[in-house]
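For the sequence shown, the positions run 2 to 279 when the working numbering is used. Remarks on the structure that follows.
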Amino acid sequence: MEIRQAIHSEHAKTLDTQGLRDQFLIEELFVNNQLKLVYSHIDRIIVGGAQPVEEPVVVPASLGKQTGTDYFLERRELGTINIGGPGAVVVDGTRHEIGTHEGLYIGKESRDVQFESTDPATPAAFYMACAPAHQAHPTRKVTLEDASPQTLGDTANSNRRTIYKFLVPDVLPTCQLLMGMTRLEEGSLWNTMPCHTHERRMEAYFYFDMADDNLVFHMMGEPQETRHLVVRNRQAVLSPSWSLHSGVGTGSYTFIWAMVGENQTFPDMDHVAMADLR
2 MEIRQAIHSE HAKTLDTQGL RDQFLIEELF VNNQLKLVYS HIDRIIVGGA QPVEEPVVVP
62 ASLGKQTGTD YFLERRELGT INIGGPGAVV VDGTRHEIGT HEGLYIGKES RDVQFESTDP
122 ATPAAFYMAC APAHQAHPTR KVTLEDASPQ TLGDTANSNR RTIYKFLVPD VLPTCQLLMG
182 MTRLEEGSLW NTMPCHTHER RMEAYFYFDM ADDNLVFHMM GEPQETRHLV VRNRQAVLSP
242 SWSLHSGVGT GSYTFIWAMV GENQTFPDMD HVAMADLR
């Protein structure tokens, strides 16, 4: 597990391109038959990926050492969305079949977790976000049909998109983790524009379903002093509460968002007027 410290907005202004990438961009999340995790001190979120191919990927008991607990999810909750082929997540002996673009919420105090692929030729790829939790909620599968879809934007502004809210209070109970997936319609390339910040929680974006020669220019930084990161397929960005989070692609893409912080009020956003961006 890689550990990353929180970064002050004033410090971030002094960073060059590589410095920004080192602090906020996660370049490799999927390795065959491995679990890759990044622990951020920004609201103590953990993001990661599991790609089982020839064998299951098991969450080892030893990860409890990283969280100061007897086992990894003793005081944490986890959400995962499968962006690969069909697979399964086995939680304390119960098998949950998870298809492409389906998700699973795993509640606090789940001891044994492993990820599997149905067919090694088309392996599953489980992107995950994990947050501290104070209460145990039931483990539950979430499909696209369950995920409270909401369509926003318009084609004239190249930002027509549908937001699938997998882990929100209207769908199922969690302690603080919010998670979902946004699909852009054909011809739309901007996400989350007009943009916003939210002082009361951080957010992580994970970009996928991109062609190898396409990329996303992910906008970050304070609204009056913006920066950008060049993001490629299956890479993630950590966004502190002081940073906006928006992006534009050179081709089609989908992204998964995850939020951790003080509340679960989805529309709690500090909107930024287009005229105020710098």
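C-beta atoms are modelled at their ideal positions from N, C-alpha and C, and glycine is treated no differently. Note that the structure is predicted; figures quoted are calculated from it, not measured.
Check your understanding: Going by the beta-carbon positions, is the gap between phenylalanine 106 and phenylalanine 207 smaller than 7 angstroms?
Key -> Walking along the sequence shown from the start, residue 106 turns up at place 105. Walking along the sequence shown from the start, residue 207 turns up at place 206. Strictly speaking, residue 106 in this sequence is tyrosine, with phenylalanine absent from that position. Cβ distance not < 7 angstroms, so tyrosine 106 and phenylalanine 207 don't count as in contact.
Check your understanding: Tell me the DSSP bridge mates of methionine 275?
Key -> Residue 275 sits at position 274 when you count from the first residue of the sequence shown. None, per the DSSP bridge assignment.
Exercise for review: Might you give, ordered along the chain, the residues of its own chain that have their beta carbon closer than 7 angstroms to the beta carbon of serine 41, omitting 5 neighbours on each side?
Suggested key: In the sequence shown, residue 41 corresponds to position 40, counting from 1. Closer than 7 angstroms at the Cβ level, and outside the excluded window around serine 41, lie Arg5 and Leu239.
Check your understanding: According to the Cβ coordinates, are arginine 235 and serine 189 closer than 7 angstroms?
Key -> Position 234 of the sequence shown holds residue 235. Position 188 of the sequence shown holds residue 189. No, these two residues do not count as a Cβ contact at 7 angstroms.
Practice item. Pick helix, strand or coil for glutamine 24, following the three-state DSSP scheme. Key: Taking the sequence shown and counting its residues from 1, one reaches residue 24 at position 23. Helix.
Exercise for review: For leucine 168, count neighbouring C-beta atoms within 10 Å of its own C-beta (all shown protein chains included) and say buried if the count is 16 or more, exposed if not.
Suggested key: Taking the sequence shown and counting its residues from 1, the one referred to as residue 168 is at position 167. Buried, because 16 or more other Cβ atoms sit within 10 Å of the Cβ of leucine 168.
Practice item. Measure how close the beta-carbons of leucine 38 and glycine 20 come, nearest whole angstrom, since I'm counting them as under 8 angstroms. Key: What you label residue 38 is simply residue 37 of the sequence shown in a count that begins at 1. What you label residue 20 is simply residue 19 of the sequence shown in a count that begins at 1. Rounded, the Cβ-Cβ distance is 22 angstroms, inconsistent with contact.
Review point. Is it a yes or a no for the segment 129-143 touching the segment 8-19, going by three-plus beta-carbon pairs under 8 angstroms?
Key: no
Check your understanding: So, helix, strand or coil for serine 10, using DSSP?
Key -> Taking the first residue of the sequence shown as 1, we reach residue 10 at position 9. Helix at serine 10.
Review point. Alpha carbon to alpha carbon, how far is alanine 62 from alanine 134?
Key: For the purposes of this step, residue 62 is taken as the residue at position 61 of the sequence shown. For the purposes of this step, residue 134 is taken as the residue at position 133 of the sequence shown. Distance between the alpha carbons of alanine 62 and alanine 134 is about 18 angstroms.
Practice item. Taking the CB atoms as reference points, tell me whether alanine 137 and glutamate 110 lie closer together than 7 angstroms. Key: Position 136 of the sequence shown, counted from the first residue, corresponds to residue 137. Position 109 of the sequence shown, counted from the first residue, corresponds to residue 110. Yes. Within cutoff.
Review point. Taking all protein chains shown into account, do 16 or more other C-beta atoms lie within 10 angstroms of the C-beta of valine 232, making it buried, or fewer, making it exposed?
Key: Looking up residue 232 in the sequence shown gives position 231. Label assigned to valine 232: buried.
Review point. What beta strand (DSSP E) runs, 3 residues minimum, are completely inside the segment 16-81?
Key: 36-41 and 47-51
Check your understanding: So, helix, strand or coil for asparagine 160, using DSSP?
Key -> In the sequence shown, the residue the question calls residue 160 occupies position 159. Coil, per DSSP.
Practice item. Name the residue from Asp277, Leu179 and Asp214 whose alpha carbon lies nearest to the alpha carbon of proline 195. Key: Stepping through the sequence shown from its first residue, residue 195 is reached at position 194. Residue Asp277 is the option with its Cα nearest to proline 195.
Exercise for review: Could you check the C-alpha separation between threonine 68 and isoleucine 47 for me, to the nearest Å?
Suggested key: Locating residue 68 in the sequence shown gives position 67, where the first residue counts as 1. Locating residue 47 in the sequence shown gives position 46, where the first residue counts as 1. Distance between the alpha carbons of threonine 68 and isoleucine 47 is about 10 angstroms.
Exercise for review: For the beta strand (DSSP E) containing valine 91, list its first residue and its last residue.
Suggested key: For the purposes of this step, residue 91 is identified with residue 90 of the sequence shown, where counting begins at 1. Start and end: 88-92.
**Study point:** Touch test, the segment 211-222 against the segment 240-258, Cβ-Cβ under 8 angstroms, three pairs minimum
**Key:** yes
Exercise for review: Using the Cα positions of phenylalanine 256 and arginine 76, report the straight-line distance between them to the nearest angstrom.
Suggested key: Residue mapping note: residue 256 aligns to position 255 of the sequence shown, counting from 1. Residue mapping note: residue 76 aligns to position 75 of the sequence shown, counting from 1. If you take the alpha carbons of phenylalanine 256 and arginine 76, they lie about 27 angstroms apart.
Practice item. Mind listing, in chain order, the continuous beta strand (DSSP E) runs of no fewer than 3 residues lying wholly within the segment 200-273? Key: 202-209, 217-223, 226-232, 236-240, 247-250 and 255-262
Point to revise | Selection from Asn83, Glu117, Gly108 and Val91 that minimises the alpha carbon distance to threonine 101 | key: Counting from 1 along the sequence shown, the entry for residue 101 is found at position 100. The residue with the shortest Cα to Cα distance from threonine 101 is Asn83.
Practice item. Give the straight-line distance between the Cα atoms of isoleucine 27 and valine 217, rounded to the nearest whole angstrom. Key: What you label residue 27 is simply residue 26 of the sequence shown in a count that begins at 1. What you label residue 217 is simply residue 216 of the sequence shown in a count that begins at 1. About 14 angstroms.
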